[in-house]
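Undergrad:
Residue numbers (UniProt numbering), protein chains in the order written: chain R, 1 to 798; chain Z, 1 to 798.
Below is the structure:
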């Protein structure tokens, strides 16, 4: 979906989508009956029958069918093709322009909104053919209609083979998050599918199945045909089945609303939120998410006490601007990822991963190793999230260093890192971060490291600059502006110009001082390019590169090796100085536009850690990838020398299968130039450039430059890959406790009425004085432009 | 599945199962063509056509069809019902006994084994109706055939609506782990489904779609009908399509084998295993898992260099006796859990959980809180695994205590626990365990606690006893035998008899000494009843109960409260002394037969941690549940006083939805008496007993008693819920480094030929001198009995 389309939910309009288990199972008859009976029971309400897309010259006939058999019910068609075949073929054959999916859905939504505005009532939307019959664009209906998330009624197949058809059609809906509220079918007495299905759906899903007599066989005489049908309709209409179905659907509609309405309150009573000062968060601050698709949540707009409620949309599209804590790559509810997860669940469930191997874990390991293009890496260790994966990396690195330098286990080894580092919330990962408000009140936190200051990159006053904080200029120089961000990333050219000299001197002298003070370092840990949780700080890549180079070329700054490293001449992949760990949990796997941010630096880690985007944003999984030399440190005849770490769900097949699918998909998108539109918006993608220095973002270059010129409110901004960060001016002193970004965040969260597709807003998170907006790998140019405009407008207005 | 049935895989027999997207799509015609063309191309091989179940009096006719149109191909039917309708109805109507699913599958497997024994060749198995058409027992075929995991060919539907039917049928197979290697259908030129489906399957799954001309319309004259059909078959047979399909199928068969054959080697080159000394693990020690179902993996039996290979089964059923590191509850590849996971994936993917709420997280929290029946608990905090969940619990508990007693943040608070404790592998969780071989070589490990000794429970010499290690008898007394395990769990009666007095005195005096030494405790952490990773130690429940009671009634042993606890009279849920944390990750959620092991102790925690079985064994998820009073400790106007912990995938909807499904399913099983068979095997379930003391296990009481009498090899044994632990005698001194259990483990892992269903073995893990076997909540009496016999036999033989 390119543009947001809000799901169809109004308080007084009960909307049901009618899907068929197959063609010719009686969808129209059932829908007619539902509408007709609704009209009888809710005499004063508007009852509408919508056929979003209709093929064949039958529209008029159908219209007559409705006006004859369901008087008082209005019938509408949004797209009519005269050729009697599947909509995708009919649309092509019609010669008319084929509506894009988002246009199609907007039109459905606009129609429903009109109905909702009129009065209380029912809207029955009948789909065409079976659940997976293609819509006009060629996308199957089950995929096409997902964003509307309309509760559904499935018309089962009462014929021979119909049990199978009904269950399979149901499953295709279910795995796309549809709620099927009722199954209806004819009660054929030969096959008795209704009996089997009744038990099946009750037992497995608690979904009611209702059945009706079959309609009369067609008469050759149209008048007698119509009479027989009228007799059929009036008998079934007055019977208890259809009214019972409608009553159940109504209850289900009310239950959905009351569940949505109560959820924030219930959550405030029983949920303990991560990273949240709950005394500041009441039910009204809790966002209720009904579902999500692509880049958008569907969030509840709470009932307001005043005003008419029948026409107010209950749900709006909320752009997920934190990419759900930086995890989203291929969009929420991506069917390919769902199918991958379900395949692995169906094939394995979970299987123990101690001296066993299964295909998803094997292929994922091979795909990651190949994809990273880092010859140092050869071993994959799986865990559950970035924090645990970092703990694994630390255990690996500390042991390797301790062995190399002949130190005892209790030597209080330190990590070398950058100020503002963040590697997760388990104690071991916390201990790798310098003391700060994230950890200083945590009882067992103990910062075990030395953390360097560094120059950062920002676009300021329209110019890309390496900026150095006051007080650090003696160390790092005055900072400097560059013609382009590419030039900042051209680290080799900058080295040729000697720009790294000051960095080198500072790092060496710092490490020397540490050594003199007796500090023993175990490992160098970097978040390459961007320190995310530390406030979206974009580190000068030349600084990180220089740091790695100094560490590797200066083993004498760390200790006297007792175990000789392989000769570099023999093994280019041997680590020297300290093992270098890259925490790529946030910045890796295309978040910054490349599969690994190492390639920006031109230096490669001995251990790298990957999570978040690893599964495209679906389930927790982490891979800690290490060099063979690090791995060998743990080999011994003694079991207890092994890396004694593991989780029950290590390498769980679902996670591995989804990760495999997601990485392959992102690699294919990269190769196929899916992000070319982004490259071409001022980032110079149209020019012939060397791969090493090519940078791009979904956020246009011009937009960043302009943002950075709003100097009364903005210190600077940067964009890379899918990430945009705006550092706002806080005259009271910036930092995590700053509130300057809150106002902007709240402005973005205001509900707006879209030109079409219904209300929308932006759901974003702030980090102190920084507001960031993170797209996914499938964010559309339209969404990005719309949000860019909104930001520009808001920053100018305040 | 009750009995193991090995998947159908032999090296020289290519087996394909033919599924139809619907009835009447040409399954028989395509299967005939495949068999006929195979016979033409592989003249010297055996080509077999199997119809496992056939309905209608057509068998003879079909047989003639094959002998006429595919001469040289043999045709077989395993179950024949003369009534022409769906197998489940035909089976009932036939009056014959309906085969249980495992019997049905065994028969399929035995037939395939016979084919494999004969010669190289092909076996085509044609299913009945559509993929979800019910088999004889009423289970749908897509569910029924899962354990055979036969690669499949899907016959698509070329008629109107057929696109939908084909995709839905495919999805029903895919989400059950089937590999569909090819899609075949007729190339109807009106609907052109083959074109759409060709693109669809290529783009989404890289699965080839091939199409053939439709067969001739039926003639009234049988002779001309046959002639026309023969002409059709011979044209298609000699064409390139069918031979191309067969060639692709053959390649796919070979690729599957070579992938399985190479995987252990590739794993040994690139995987870094958890908790594994890899110098001791070569490719031959790595178990290749092809798939899993119920309690069984399908594992590779590696090629042996000698002997004929054509008739050796490539896969065997391996009982997952570690329940995949204690995670499995509802069986591998449980379709209900798969569908739950896929529904949440389709509805949400993942959505951020900071001040948001979604239905699966809400319902799961409510279900857990209600299910635990512990009035203290009111707040659910989600994380990814037991280790992170324990870190959360520790952060919660330490803060509450620190505030209560007015201590500064850097007070080096300790945990109070039991020796041999294990709470996970992240550093914070490790620090809660006493020093031992699991952690002493880990650089950042620092045991932060005091750990008590305790008496244990074992069945020894046929008697249930509280046993006290030498050297502790002065403290805890001599230990004692009891009439039954129930009596040991009757903690109230034992208290009335004063059996807790020695425990109480010891605990109080120990805590007093700690206080005198200046130790500040932050939290009491217990694994209720069983210390799992610590060596399957079954702690005397009276000891744990006494410990909790002492801690709660003796706040003066810990500090001087500066913040008053609520008066117990006002708030029975207020914690006193120390917050009590139960790590129920292993022992909770029915692992020991009850939803929470707290009920065995009759004392309830202030914080409890749940993972592993939480999702029935499918995906990682953890819930740390806390009392409202603990929660309130973190409320303040200051953001940084919040519990600053969180993971990106906190409360991921897939995990929550699966957990919800799984807990509700286990609760329903409990209520419906699904484990009555286990209760009735000597555990006294047939007697009227008070709920408090009722204990049971899937392992029969008599079996445990007999095991414990093998005193030359067995120190003692115990069983509770699904767990069996055998403590083996190690004259060299027991412990984690002991190897005595390895021999028994290896004996269990030997491949055995089942009476039917093919080869099987037991895949189990040992903990030092302890061999444990853990069933799931769906383990069958048959499996348990078979393994019991095997154990008895092996312990007697050695």
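Even for Gly, the Cβ is constructed at its ideal location relative to N, Cα and C.
Going along chain Z in order, which residues have a C-beta closer than 7 Å to the C-beta of residue 441 of chain R?
TA: Translated into positions along the first chain, residue 441 of chain R becomes position 441. 409, 640, 641, listed in chain order.
Undergrad: Counting only beta-carbon separations shorter than 8 Å, does residue 171 of chain R have a partner in chain Z?
TA: For the purposes of this step, residue 171 of chain R is taken as the residue at position 171 of the first chain. Chain Z contact via Cβ: present.
Undergrad: Does residue 337 of chain R come within less than 8 Å of chain Z when only Cβ atoms are used?
TA: Along the first chain, read from residue 1 onward, the residue named residue 337 of chain R stands at position 337. So, interface residue.
Undergrad: Hey, out of Z:508, Z:492, Z:611, Z:724, whose CA is closest to residue 592 of chain Z's CA?
TA: As a first step, residue 592 of chain Z is located in the second chain; it is residue number 592 there, counting from the start. If we check each option's Cα against that of residue 592 of chain Z, Z:724 comes out closest.
Undergrad: Kindly list the residues whose CB is nearer than 7 Å to the CB of residue 38 of chain R, restricted to its own chain and excluding five residues on each side of it in sequence; keep chain order.
TA: Against the first chain, residue 38 of chain R aligns to sequence position 38. Result list for residue 38 of chain R: 47, 122, 246, in chain order.
Undergrad: If I follow the unbroken alpha helix (DSSP H) through residue 664 of chain Z, where does it start and stop?
TA: Here residue 664 of chain Z refers to the residue found at position 664 when the second chain is read from its first residue. 653 to 671 is the span of the alpha helix (DSSP H), which, as asked, contains residue 664 of chain Z.
Undergrad: Exposed or buried, what is residue 153 of chain R when buried is set at 16 or more other beta-carbons lying within 10 Å of its beta-carbon?
TA: Residue numbering aside, residue 153 of chain R sits at position 153 when the first chain is read from its first letter. Buried: at least 16 other Cβ atoms inside 10 Å.
Undergrad: Listing by chain order, which chain R residues have their CB less than 7 Å from the CB of residue 83 of chain Z?
TA: As a working mapping, residue 83 of chain Z is identified with position 83 in the second chain. Neighbours of residue 83 of chain Z on chain R: none; closest Cβ ~11 Å, over 7 Å.
Undergrad: Given a cut-off of 8 Å on the beta-carbon distance, is the pair residue 283 of chain Z and residue 299 of chain Z in contact?
TA: Counting from 1 along the second chain, the entry for residue 283 of chain Z is found at position 283. Counting from 1 along the second chain, the entry for residue 299 of chain Z is found at position 299. Against a cut-off of 8 Å, the Cβ pair of residue 299 of chain Z and residue 283 of chain Z comes out as no contact.
Undergrad: Counting only C-beta atoms, is residue 236 of chain R closer than 8 Å to chain Z at any point?
TA: As a working note, residue 236 of chain R is residue 236 in the first chain. Residue 236 of chain R does not count as touching chain Z.
Undergrad: Within 8 Å (strictly less), CB to CB, does residue 333 of chain Z reach chain R?
TA: Taking the first residue of the second chain as position 1, residue 333 of chain Z is located at position 333. At least one chain R Cβ lies under 8 Å of residue 333 of chain Z.
Undergrad: Would you kindly report the start and end of the unbroken beta strand (DSSP E) that includes residue 405 of chain Z?
TA: For the purposes of this step, residue 405 of chain Z is taken as residue 405 along the second chain, with counting starting at 1. Segment 386 to 405 is the alpha helix (DSSP H) holding residue 405 of chain Z; no beta strand (DSSP E) there.
Undergrad: In this structure, how does DSSP classify residue 541 of chain R when only helix, strand and coil are distinguished?
TA: If you number the first chain from 1, residue 541 of chain R lands on position 541. Looking at residue 541 of chain R - three-state DSSP - the assignment turns out to be helix.
Undergrad: Please compile the residues from chain R whose C-beta is within a distance smaller than 9 Å of the C-beta of residue 801 of chain Z.
TA: This structure cannot settle anything about residue 801 of chain Z, because the visible part of chain Z is limited to 1 through 798.
Undergrad: Alpha carbon to alpha carbon, what distance is there between residue 782 of chain R and residue 399 of chain R?
TA: On the first chain, residue 399 of chain R is found 399 positions in, with the first residue counted as 1. On the first chain, residue 782 of chain R is found 782 positions in, with the first residue counted as 1. For residue 399 of chain R and residue 782 of chain R, the distance between alpha carbons rounds to 50 Å.
Undergrad: Assuming residue 456 of chain Z and residue 548 of chain Z form a contact by the criterion Cβ under 8 Å, report the distance between their Cβ atoms to the nearest whole angstrom.
TA: Along the second chain, one-based indexing puts residue 456 of chain Z at 456. Along the second chain, one-based indexing puts residue 548 of chain Z at 548. About 18 Å separates the two Cβ atoms, so there is no contact after all.
Undergrad: Is residue 722 of chain Z helix, strand or coil by DSSP?
TA: Position 722 of the second chain, counted from the start, is the residue given in the question as residue 722 of chain Z. Reduced to three states, the DSSP call for residue 722 of chain Z is coil.
Undergrad: I'd like the ranges of any alpha helix (DSSP H) spanning at least 4 consecutive residues and lying wholly in the region 70 to 145 of chain Z.
TA: List check, alpha helix (DSSP H) in window: 87 to 94, 101 to 118, 141 to 144.
Undergrad: Leaving out the 5 sequence neighbours to the left and right, which residues in its chain are closer than 8 Å to residue 41 of chain R when beta-carbon positions are compared?
TA: Residue numbering aside, residue 41 of chain R sits at position 41 when the first chain is read from its first letter. If we look at residue 41 of chain R and ignore the five residues flanking it on each side, its Cβ neighbours are 243, 246.
Undergrad: Name the two residues that bound the continuous beta strand (DSSP E) containing residue 293 of chain R.
TA: Start at 1 with the first residue of the first chain, and residue 293 of chain R comes out as number 293. Residues 287 to 293.
Undergrad: How would you write the range of the beta strand (DSSP E) that residue 774 of chain R sits in, first residue to last?
TA: As a position in the first chain, residue 774 of chain R is number 774, starting the count at 1. Segment 770 to 774, the beta strand (DSSP E) holding residue 774 of chain R.
Undergrad: Taking only the alpha-carbon atoms, compute the straight-line gap between residue 70 of chain R and residue 35 of chain R and give it to the nearest angstrom.
TA: Taking the first residue of the first chain as position 1, residue 70 of chain R is located at position 70. Taking the first residue of the first chain as position 1, residue 35 of chain R is located at position 35. Their backbone Cα atoms lie some 7 Å apart in a straight line.
Undergrad: From what residue to what residue does the alpha helix (DSSP H) around residue 241 of chain Z run?
TA: Locating residue 241 of chain Z in the second chain gives position 241, where the first residue counts as 1. Taken as a continuous stretch (DSSP letters only), the alpha helix (DSSP H) holding residue 241 of chain Z covers 240 to 270.
Undergrad: Counting pairs of beta carbons, one from the region 357 to 369 of chain R and one from the region 370 to 384 of chain Z, are three or more of them closer than 8 Å?
TA: Counting Cβ pairs under 8 Å, fewer than three are found: no touch.
Undergrad: At a Cβ cut of 8 Å, what residues of the region 345 to 364 of chain Z count as close to chain R, listed as they run along the chain?
TA: Of all residues in the region 345 to 364 of chain Z, 345, 346, 347, 348, 349, 350, 351, 352, 353, 354, 355, 356, 357, 358, 359, 361, 362 have a Cβ within less than 8 Å of some Cβ in chain R.
Undergrad: Using a Cβ distance threshold of 8 Å, determine whether the region 624 to 635 of chain Z contacts the region 336 to 346 of chain Z, with at least three qualifying pairs required.
TA: In short, these stretches do not touch, since the Cβ pair count stays below three.
Undergrad: Assign residue 608 of chain R to one of two classes, buried (16 or more other C-beta atoms within 10 Å of its C-beta) or exposed (fewer than that).
TA: Stepping through the first chain from its first residue, residue 608 of chain R is reached at position 608. Buried is the call here.
Undergrad: Quick check on DSSP: helix, strand or coil for residue 583 of chain R?
TA: On the first chain, residue 583 of chain R is found 583 positions in, with the first residue counted as 1. The answer is strand: DSSP assigns residue 583 of chain R an E or B state.
Undergrad: With DSSP run on the structure shown, which of helix, strand or coil describes residue 836 of chain R?
TA: No statement about residue 836 of chain R is possible, as the shown extent of chain R runs from 1 to 798 and does not include it.
Undergrad: Beta-carbon within less than 6 Å of residue 785 of chain R's beta-carbon, same chain only, minus the 5 sequence neighbours each way: which residues are those?
TA: As a working mapping, residue 785 of chain R is identified with position 785 in the first chain. The answer is none, since no qualifying residue turns up.
Undergrad: Out of Z:172, Z:156, Z:536, Z:561, state which residue places its alpha-carbon closest to the alpha-carbon of residue 214 of chain Z.
TA: For the purposes of this step, residue 214 of chain Z is taken as residue 214 along the second chain, with counting starting at 1. The shortest C-alpha separation from residue 214 of chain Z is found at Z:156.
Undergrad: At a Cβ cut of 7 Å, what residues of the region 283 to 297 of chain Z count as close to chain R, listed as they run along the chain?
TA: Cβ contacts with chain R come from 285, 286, 287, 288, 289, 291, 292, 297.
Undergrad: Thinking just about the alpha-carbon of each residue, which of R:33, R:140, R:317 is nearest to the one in residue 241 of chain R?
TA: What you label residue 241 of chain R is simply residue 241 of the first chain in a count that begins at 1. Residue R:33 is the option with its Cα nearest to residue 241 of chain R.
Undergrad: Relative to the C-alpha of residue 228 of chain R, which residue among R:216, R:220, R:239 is closest?
TA: Position 228 of the first chain, counted from the first residue, corresponds to residue 228 of chain R. Ranking R:216, R:220, R:239 by Cα distance to residue 228 of chain R puts R:216 first.
Undergrad: How about residue 645 of chain Z and residue 425 of chain R: are their beta carbons less than 8 Å apart?
TA: For the purposes of this step, residue 645 of chain Z is taken as residue 645 along the second chain, with counting starting at 1. For the purposes of this step, residue 425 of chain R is taken as residue 425 along the first chain, with counting starting at 1. Going by C-beta atoms, residue 645 of chain Z is nearer than 8 Å to residue 425 of chain R.
Undergrad: Could you pull out every residue in the same chain whose Cβ sits closer than 8 Å to the Cβ of residue 502 of chain Z, ignoring the five residues on either side in sequence?
TA: As a working note, residue 502 of chain Z is residue 502 in the second chain. Counting only Cβ-Cβ distances below 8 Å, and skipping sequence neighbours, we find 475, 476, 477.
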